[in-house]
Every structure is written in structure tokens, then in C-alpha cells.
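All remarks here apply to the structure that follows.
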Amino acid sequence: MPTAELRDLTVHIDTGRWSETVLEAVNLAVPAGRITALLGESGCGKSMIAAAITGLLPASANSTGQVHIDGAAVRDERTWRQLRAGTVGLVPQSDVTAFVPDETVGAQLIDLHRLHRARSVEDACAAALYPIDGFDLFPHQHSAGQIQRAALAAALLPAPRLLIVDEPTASLDTGTGYEVWTNLREYADTGAAVLAITHDAALLIDTGVTDRMVFMRHGRITVAGPTTEIRTLEDPYVRGFFQQSGQ
């Protein structure tokens, strides 16, 4: 049974000024002990899937279909709050939003540890490659790469059974990104389900960390399968990602 599953999920956004269907009839399973990579062009709906699978769809969203966590459909905000308190972890694309602005990152990580006591601060920071000498800095004093690693450390502290990472290496150099992907592989190997949203097909192939690759376009899933099979597909859209990465 998948740790998380989207069943025929359609999401329509209506702000009053514009409206658009951003996800259409999406079916997606995120199994335990595996890394599922979600790829697609900008604006295709990847981050909206992250929002749906963590119960954080915007107020302007209307949705049909179901989101299941550990086999049960989640339908109310109270349940989502309980899940986000420990079962479900998210590293958002805008990493600085993982922290309140007027408290140091170190203090916030320590507070998270005291709340959950599932994983030590030192262990989470090591897995995220976040340097402890940044503890005394406020979020805005971090570089993009530093705050990205800090956000990953924060998400790992509760030891969530489902971890969603949205562009986890976008602000990192290749070497650091390689290490982060390797550490995410190790985390999945503990039994966690990991959904990784990324553009970086090159690092995925170079590290060999992903079990499954899912491609989106215009709010729909177009191609999905084991990474070893995806690499051999002749689908022009999929090949475009590998050609961009020199594969």
C-alpha cells in the first residue's frame, strides 16, 4: 500500500481575476522505501501536487478526487494539521517560508527537536548538509543554498514517513546536490516515502537514487515508470529532459 496516493485529483484555481484547471485527473502513488521523482516543465502543476499531498492547497482552489495517506482518505483540515505535525514533511520551493523571519534558524530547529524528539538536530543537519555555524543567523541572512539545506533539516527533524521535497537542489552546486540526493536515498531506505519534485534529470541519473520517474505536462501525468525503463523511452518530451542534461 502506498504511503501517499492521489486518486483522480483535479484542481481548479479561481482567484476572481483568473481561473485555470491546474491539475486534471491526476493519479499518483508514492510508495514507502522509494524515491519517486516528479519532473516537468515550469508551470505544469508539480508544486500544486506538493500542495495537494500536504493539505496546503490555496484558498482559491476547488478540488475533486481524493488524497490518501497511509490508506485513508484525508478530507478535513484538522487531520491535515495532525499529519503535518509529524507524518508528512515538506521542503517548500520557497525555502525561506519554512521559517519565521524574526527568530534564528538554529533556535527554530531546536524548538522543532523539542517538539518531536524523533531525530537529533545534529543528525538532521548532517543529513541536510546544513552547517551548524549558521545557527545564529536569521533566515534572511542565509544564502539561497544555505536556507535550502536548513529547510531540509527542519523537515527531517520529525522523521516523517512521507517527505516531499520541492526542487531540493535548485540552489546548490553540483557536488553538494549530489550529496543531498544520496542522503535522501538513505532516508528512503529507512522505509520513508519520498516525493522529489525537480528539473534536474542529470543528477537523478548520475546518482541513480530514484526508483520511479513521473513526468507532467499541462496539469496531467503523461509518462510514469521505473527509472531504468524511463531512460530508454523514445517519447520526445521525456527525451528532451535527458538531452538537456547531456544524457
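Under our numbering, think of the first position of the sequence shown as 302, with each following residue one higher. From the three backbone atoms N, C-alpha and C, an ideal C-beta is built for every residue, glycine too. As the structure is a computational prediction, the values presented were derived from the model and not from experiment.
query                                                                                                       : result
Spatially closest choice to D434 from T388, A419, A408, by CA coordinates                                   : A408
Euclidean distance between Cα positions of P440 and D396                                                    : 9 Å
Residue nearest to R379 in terms of C-alpha spacing, selected from I411, G346, T355, S348                   : T355
Residues that A497 bridges to, as DSSP identifies them                                                      : A338, V466
Assigned secondary structure, R450 (DSSP; H/G/I helix, E/B strand, else coil)                               : helix
Completely contained alpha helix (DSSP H) runs for the region 321-383, where each covers 4 or more residues : 347-354
Distance, R418 Cα to G526 Cα                                                                                : 36 Å
Paired residues, beta bridge with V524 - DSSP                                                               : F516
N- and C-terminal bounds of the alpha helix (DSSP H) containing V481                                        : 475-489
Helix, strand or coil at T311 according to DSSP, with G and I counted as helix                              : strand
Local conformation of E423 per DSSP, three classes                                                          : helix
Bridge partner(s) assigned by DSSP for L389                                                                 : Going by the sequence as given, residue 389 is Val instead of Leu. Answer by DSSP bridge pairing, in chain order: L463.
Whole-angstrom distance between R518 and L324, CA atom to CA atom                                           : 10 Å
Minimum C-alpha distance to L384 - residue among A353, L410, D412                                           : A353
Status (buried if at least 16 other CB within 10 Å, exposed otherwise) for D467                             : buried
A489 vs I336 beta-carbon contact at 8 Å                                                                     : yes
Segment contact flag, the region 499-512 with the region 303-322, C-beta cutoff 8 Å, min 3 pairs            : no
CA-to-CA distance, R382 to L339, given in whole angstroms                                                   : 24 Å
The region 312-322 / the region 503-515 touching (three or more Cβ pairs under 8 Å)                         : no
Contact set for F371: own chain, Cβ-Cβ below 7 Å, skip 5 residues either direction                          : Note that residue 371 is Asp in the sequence shown here, rather than Phe. If we look at D371 and ignore the five residues flanking it on each side, its Cβ neighbours are T304.
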